[in-house]
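Working notes for the structure below.
Protein chains: 2
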Amino acid sequence: MTATAPGGLLRIGELARRAGTTPRTIRYYEELGLLPNAPARPAGGHRLYGEDDVLHVRELMRLRELLGLSLEELGAVVEAEEARAMLRAEFEGGVSDPARLREILTQARSHLDLQLSLIRRRAGELAALQDDLETRRARVVGLLAETPGG
Amino acid sequence: MTATAPGGLLRIGELARRAGTTPRTIRYYEELGLLPNAPARPAGGHRLYGEDDVLHVRELMRLRELLGLSLEELGAVVEAEEARAMLRAEFEGGVSDPARLREILTQARSHLDLQLSLIRRRAGELAALQDDLETRRARVVGLLAETPGG
DNA sequence: CGCGAACATGACGTTCACGTAAACTAGGGA
DNA sequence: TCCCTAGTTTACGTGAACGTCATGTTCGCG
């Protein structure tokens, strides 16, 4: 068993393994439009992925996990990723129209800004929670120091 | 409509409203043991709560939201809260056995430490994600600066 | 060419965290 | 006392995010 298809590409099982999930989840994400619905299907009909797909899936799971986004909400994020992909495609396909480039870049930036705002809000809430618990902990520790018998 | 029962106590509707949720959720949490299963039921069978219950519910929802804990996992947290409640009870009921006090305090501290470790891990992951996105954003902005036509 | 492991599709099952409906009771102002 | 709102329990329904099973196809080493 080679586990890797020719061309350094991955089949769904390997993608799932490297992304820390299952093939079922990959297919489900594809069904929801979180992954390209036709990722290079040579002959046999088996899906083939690249390393960037691994990163993409991991990114999705990370956003879902850390921000508590639903898969539907992740759809909006995917748009940003797609813009990034388009950007890279246009880069590697030679220099294109500067106006078009600006458009793509500007869009990508606003998407990133949106995600960053979500993250900062979360981080703030988390910090507040941490402060609360640390305050309580300090109180408990203080009481322990006052309590005889240690 | 008074909305508040005698004694400054709250009925389930008001508790839910103040905690930012619904009566159904309150009953469900009680069923799961996240709330005391018999909160002072005078005669009529209506549940009655106090201000501290509001805080307790809000706390549960905050932990769930920010740490992504399941309701089952929240059960462990509830133990900590209960320990805290016991502690306060023993305080207000006069000074009790110091050894017992130390026991409760130590337990409360370890519970807080556990929650804090979860929070710090989350905060770290969130910070890493934020760094990633900010790096990307900087790259996009840099490209924008290099792209003519603005 | 054979064969077992992995993949494809479709459909049904499952868990969590509640929502919602039904049928009845309690509270309290007019 | 009447009556409306809000509460009670029981039970079934729901959406999200997959798991699992059945059935058939493909891959690639021996």
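Sequences listed follow chains Z and C, in order. Numbered per numbering that gives the first Met the number 0, the first sequence spans residues 0 to 149. Numbered per numbering that gives the first Met the number 0, the second sequence spans residues 0 to 149. Where a beta carbon is used, it is the ideal one built from N, C-alpha and C, also for glycine. Note that the structure is predicted; figures quoted are calculated from it, not measured.
* Asked: Using 8 Å as the Cβ pair cut-off and three pairs as the minimum, do the region 126–140 of chain C and the region 99–115 of chain Z touch?
  -> In this structure the region 126–140 of chain C lies against the region 99–115 of chain Z, because at least three pairs of beta carbons, one per stretch, are closer than 8 Å.
* Asked: Contact check, Pro41(Z) vs Leu47(Z) under 8 Å by CB: the rounded distance?
  -> 7 Å
* Asked: So is His45(C) buried or exposed if we call it buried at 16+ other beta carbons inside 10 Å?
  -> Counting of Cβ neighbours within 10 angstroms places His45(C) among the exposed residues, the total staying below 16.
* To the nearest angstrom, report how far apart Ala18(C) and Tyr28(C) are at their CA atoms. => 13 Å
* Asked: Where does Arg23(Z) land, buried or exposed, given buried means 16+ other C-beta within 10 angstroms?
  -> exposed
* Tell me whether Leu8(Z) sits in a helix, a strand or coil according to DSSP, three-state version. => Note: Leu8(Z) maps to strand in three-state DSSP.
* Asked: Which whole-angstrom value describes the C-beta separation of Ile25(C) and Val56(C), a residue pair presumed to lie in contact below a C-beta threshold of 8 Å?
  -> 7 Å
* **Same chain only: Cβ atoms within 8 Å of Arg83(Z), ignoring 5 sequence neighbours per side** => Ala107
* What distance in whole Å lies between the Cβ atoms of Leu125(C) and Ile118(Z), which are believed to be in contact at a cut-off of 8 Å? -> Rounded, the Cβ-Cβ distance is 6 Å, consistent with contact.
* Beta-carbon separation (whole angstroms), Leu73(C) vs Arg61(C), contact threshold 8 Å -> So it is not a contact: roughly 11 Å between Cβ atoms.
* **Cβ neighbour criterion (16 or more within 10 Å) applied to Ala79(Z)** => buried
* Asked: Cβ of Leu70(C) within 7 Å of Cβ of Leu113(C)?
  -> Their beta carbons are not under 7 Å apart, which means Leu70(C) does not touch Leu113(C) by this criterion.
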